[in-house]
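As numbered in this note's numbering, residues 3 to 134 make up the sequence shown, in order.
Every residue, glycine too, gets a C-beta built ideally from N, C-alpha and C.
All of these numbers come straight from a predicted model, not from anything done at the bench.
Shown next, in structure tokens, is the structure this report addresses.
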Amino acid sequence: NTGAITDIFYENIQIHNASQWAIWIGPQQAAFKGACSLLWPFIPETSCPIPSGIKWNNIVLRNITINSPQISPGVIIGNTSNPIQNVLFDNVIVNDPGSRPWGSKYYACSGVEGIAQGKTEPLPPCFKRKLT
Numbered sequence: 003n004t005g006a007i008t009d010i011f012y013e014n015i016q017i018h019n020a021s022q023w024a025i026w027i028g029p030q031q032a033a034f035k036g037a038c039s040l041l042w043p044f045i046p047e048t049s050c051p052i053p054s055g056i057k058w059n060n061i062v063l064r065n066i067t068i069n070s071p072q073i074s075p076g077v078i079i080g081n082t083s084n085p086i087q088n089v090l091f092d093n094v095i096v097n098d099p100g101s102r103p104w105g106s107k108y109y110a111c112s113g114v115e116g117i118a119q120g121k122t123e124p125l126p127p128c129f130k131r132k133l134t
């Protein structure tokens with residue numbers, strides 16, 4: 003359970019009416035024991051363990067537009083003892099965001115050092131806004 007995911011860059015993407023997570027930064031969802039359940043978070047007895055041995059660093063989403071996702075816009079979760087570092091959302095705009103399952107928070111967001119800038123909206127709750 004070790005590895006590195008670094009220097010990831012997504013730019014100029016439009017997503018319309020996503021039926022699954024439009025943004026997922028975190029552990030792999032899978033059907034094997036100890037993995038983040040494919041049914042998480044919609045089935046209460048499921049879990050999403052986050053491996054501590056993975057290093058995540060330098061992830062940029064720039065000029066991403068998500069229109070009318072059917073569920074909350076995303077999941078951004080890292081291990082709190084080894085957080086995901088240097089995540090930047092630059093003009094990541096979600097129009098008419100779905101609220102299920104996280105309501106007005108819109109994202110599952112923890113174990114991340116994230117910055118939002120530009121017109122990014124809604125702000126992931128564990129990110130800091132950088133005024134430009």
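{"Asked": "Taking 7 Å as the limit between beta carbons, can you name the residues of its chain near serine 83, skipping five residues before and five after?", "Found": "Ser54"}
{"Asked": "Give me the Cα-Cα distance between serine 74 and isoleucine 68, rounded to the nearest whole angstrom.", "Found": "11 Å"}
{"Asked": "From the DSSP secondary-structure annotation, give me the bridge partner or partners of asparagine 81.", "Found": "Asn84"}
{"Asked": "Give the straight-line distance between the Cα atoms of lysine 121 and proline 29, rounded to the nearest whole angstrom.", "Found": "27 Å"}
{"Asked": "Sort out for me which residues DSSP pairs glutamate 123 with in a bridge.", "Found": "Ile95"}
{"Asked": "Would you report the Cα separation of aspartate 98 and isoleucine 61, rounded to the nearest angstrom?", "Found": "25 Å"}
{"Asked": "Determine the contact status of glycine 1 and asparagine 88, defining contact as a CB-CB distance below 9 Å.", "Found": "Nothing about residue 1 can be reported from this structure: the residues present for the chain run from 3 to 134 only."}
{"Asked": "According to DSSP, is serine 106 part of a helix, a strand, or is it coil?", "Found": "helix"}
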